[in-house]
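> Supplied in C-alpha cells, the structure appears directly below.
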Amino acid sequence: MQFDFNQTYFTLFGMQQGFAIDTRELDQRYRDLQALWHPDRFASSDDTARRLSLQASTFVNEAWQTLKSPLARARYLLRLNGIDTQEDTNTAMPMDFLMQQMEWREAIAEAKSSRHLDELERLGAELREEIAALEQLLGGQLDVSQWDAASTSVRKLRFLEKLDQEIGDAIEAVMF
Amino acid sequence: MAYSEQVLDHYENPRNVGSFEKGDDSVGTGMVGAPACGDVMKLQIKVGEDGVIQDAKFKTYGCGSAIASSSLVTEWVKGKTLDEALTIKNTAIAEELALPPVKIHCSILAEDAIKAAVEDYKKKHQ
Numbered sequence: 031m032q033f034d035f036n037q038t039y040f041t042l043f044g045m046q047q048g049f050a051i052d053t054r055e056l057d058q059r060y061r062d063l064q065a066l067w068h069p070d071r072f073a074s075s076d077d078t079a080r081r082l083s084l085q086a087s088t089f090v091n092e093a094w095q096t097l098k099s100p101l102a103r104a105r106y107l108l109r110l111n112g113i114d115t116q117e118d119t120n121t122a123m124p125m126d127f128l129m130q131q132m133e134w135r136e137a138i139a140e141a142k143s144s145r146h147l148d149e150l151e152r153l154g155a156e157l158r159e160e161i162a163a164l165e166q167l168l169g170g171q172l173d174v175s176q177w178d179a180a181s182t183s184v185r186k187l188r189f190l191e192k193l194d195q196e197i198g199d200a201i202e203a204v205m206f
Numbered sequence: 013m014a015y016s017e018q019v020l021d022h023y024e025n026p027r028n029v030g031s032f033e034k035g036d037d038s039v040g041t042g043m044v045g046a047p048a049c050g051d052v053m054k055l056q057i058k059v060g061e062d063g064v065i066q067d068a069k070f071k072t073y074g075c076g077s078a079i080a081s082s083s084l085v086t087e088w089v090k091g092k093t094l095d096e097a098l099t100i101k102n103t104a105i106a107e108e109l110a111l112p113p114v115k116i117h118c119s120i121l122a123e124d125a126i127k128a129a130v131e132d133y134k135k136k137h138q
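Protein chains in written order, with the numbering used here: chain E, 31 to 206; chain F, 13 to 138.
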C-alpha cells in the first residue's frame with residue numbers, strides 16, 4: 031500500500047481547491063479514508079505497514095480538522111499560496127475594527143456583571159451573524175486571490191472567535 | 013502558570029487606566045490588537061508644546077501580562093520625548109516584568125501601541 035504525504039488536503043479528499051466546500055462530502059470521505067487507514071486494520075501486518083497506517087491516519091485526521099474549520103481552511107489556502115497570515119506578529123489591525131472589539135468587550139463585561147443572560151445571548155447571536163458575514167467576505171477574497179485582504183480577514187476572525195469564547199464563558203458564569 | 017510579582021503588582025494596581033479625548037490636538041492614540049490571543053490595547057499620550065510626553069493613559073482587554081505591559085509603559089513614557097519613547101523595546105518590558113516566553117507577545121503589543129500613539133500624534137502635527 032502507498033500513501034502520498036505530499037498531496038494537498040484537497041487532493042486527499044478529492045475536492046477542488048477553494049474556500050467553498052461541501053462539509054457533508056468532506057465528512058463522508060473522511061470516514062472512508064479513516065476506515066481504509068485505521069491502525070486497527072493493520073494490527074497483524076508487518077512493522078512497515080503498521081507505521082504507514084499510523085502516519086496516514088494521522089495525516090487524514092489533520093487534513094480533516096483543517097478543512098472542516100473555516101478559519102483553518104482559509105489559513106491553509108493562504109499557506110498553499112505562500113502567504114503567512116502573521117497571526118502571532120501583526121498587531122496593526124484597522125482602528126475601527128479595534129474600537130469595535132473594545133465595544134464588544136465592554137458590552138460583554140457589562141452584561142456579565144449585571145448577570146443579564148438575555149443580553150449575553152443576544153450578543154452571541156449578533157456575533158454569530160458577524161462571523162458568518164466575515165467568513166463570506168473571506169471566501170470571496172480567497173476566490174479572487176486578494177491575499178493581503180484575506181490575511182486581514184483571517185486575523186479578524188481570530189478576534190471574533192475569541193469573543194465567541196468569552197460570551198460562552200460569561201453565559202456559563204452567569205448560569206452556574 | 014504563575015505570574016511574576018511585578019506583573020501582579022501592575023495587574024492589581026494598574027497605573028494610568030482611562031482615556032483622553034481622542035480629537036484633542038495634544039493627544040496621540042495608538043490602538044493595536046494581537047490576533048493570536050484576542051488582546052486589544054489602547055494607549056494614549058498627552059504631549060506638551062515642548063514635545064515631551066506629560067501624561068499617558070491606557071485601556072487593555074487581555075490577560076494579566078498584557079495589562080501589566082501597558083500599565084508599565086504608560087509609566088515609562090512620561091517625561092520622555094517622542095523619539096525617546098520610540099526607543100522603548102519589548103525586550104525591556106519583558107525583562108522588567110519577568111514575562112515567560114509564551115507572554116512575550118504581550119510586551120510586543122505594548123511596544124507597538126506606543127509606536128502607534130506617537131505616529132498618530134505626529135500625523136496630527138505634520
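Ideal Cβ positions, reconstructed from N, Cα and C, are used throughout, including at glycine.
1) First and last residue of the alpha helix (DSSP H) that includes valine 130 of chain F?
2) Excluding sequence positions up to five away, which residues of its chain have a Cβ less than 6 Å from the Cβ of tryptophan 94 of chain E?
3) Excluding sequence positions up to five away, which residues of its chain have a Cβ less than 6 Å from the Cβ of tyrosine 73 of chain F?
4) Three or more C-beta pairs closer than 8 Å, one from the segment 74-90 of chain F and one from the segment 119-134 of chain F: is that the case here?
5) Count Cβ pairs between the segment 105-113 of chain E and the segment 69-89 of chain E that sit closer than 8 Å; are there 3 or more?
6) Looking only at its own chain, which residues have a Cβ that is under 8 Å from the Cβ of valine 59 of chain F, when we skip the five neighbours before and after it?
7) Does the beta-carbon distance from asparagine 91 of chain E to glutamine 47 of chain E come in below 9 Å?
8) Apart from the five residues just before and just after valine 130 of chain F, which ones in its own chain have a Cβ nearer than 8 Å to its Cβ?
9) Considering only C-alpha positions, which residue in the set F:Gly45, F:Gln138, F:Arg27 and F:Glu108 is nearest to histidine 117 of chain F?
10) What number of angstroms, rounded off, separates the C-alpha of glycine 30 of chain F from the C-alpha of phenylalanine 127 of chain E?
11) Look up alanine 50 of chain E in the DSSP assignment and say whether it is helix, strand or coil.
12) For glutamate 133 of chain E, which of F:Gln18, F:Lys71 and F:Lys101 has the nearest alpha-carbon?
13) If you drop the 5 nearest sequence neighbours on each side, which residues of the same chain put their C-beta closer than 8 Å to that of arginine 103 of chain E?
14) Mind pulling the alpha helix (DSSP H) runs of 4 or more residues that sit fully within the segment 124-167 of chain E?
Concretely, from the data shown:
1) From DSSP, the alpha helix (DSSP H) with valine 130 of chain F extends over 116-136.
2) Within the same chain, and ignoring the five residues on either side of tryptophan 94 of chain E in sequence, the residues whose Cβ sits closer than 6 Å to its Cβ are Tyr60.
3) In the same chain as tyrosine 73 of chain F, and ignoring 5 residues on each side of it, the C-beta atoms closer than 6 Å to its own belong to Val52, in chain order.
4) Yes, since at least three Cβ pairs between the segment 74-90 of chain F and the segment 119-134 of chain F fall closer than 8 Å, the two stretches touch.
5) These segments do not touch.
6) So the qualifying residues of the chain are Ser38, Val39, Gly40, Ile65, Gln66, Leu94 and Tyr133.
7) Cβ distance not < 9 Å, so asparagine 91 of chain E and glutamine 47 of chain E don't count as in contact.
8) Hits under 8 Å: Gly40, Gly42, Ile57, Leu94, Ala97 and Leu98.
9) That would be F:Gly45, whose Cα lies nearest to the Cα of histidine 117 of chain F.
10) Straight through space, the alpha carbons of phenylalanine 127 of chain E and glycine 30 of chain F are spaced by roughly 20 Å.
11) For alanine 50 of chain E, the three-state secondary structure derived from DSSP is coil.
12) Nearest C-alpha to glutamate 133 of chain E among F:Gln18, F:Lys71 and F:Lys101: F:Lys71.
13) Excluding residues within five positions, the ones whose Cβ falls inside 8 Å are Phe49, Ile51, Thr96 and Leu97.
14) DSSP runs (the alpha helix (DSSP H)) wholly in the segment 124-167 of chain E: 125-143.
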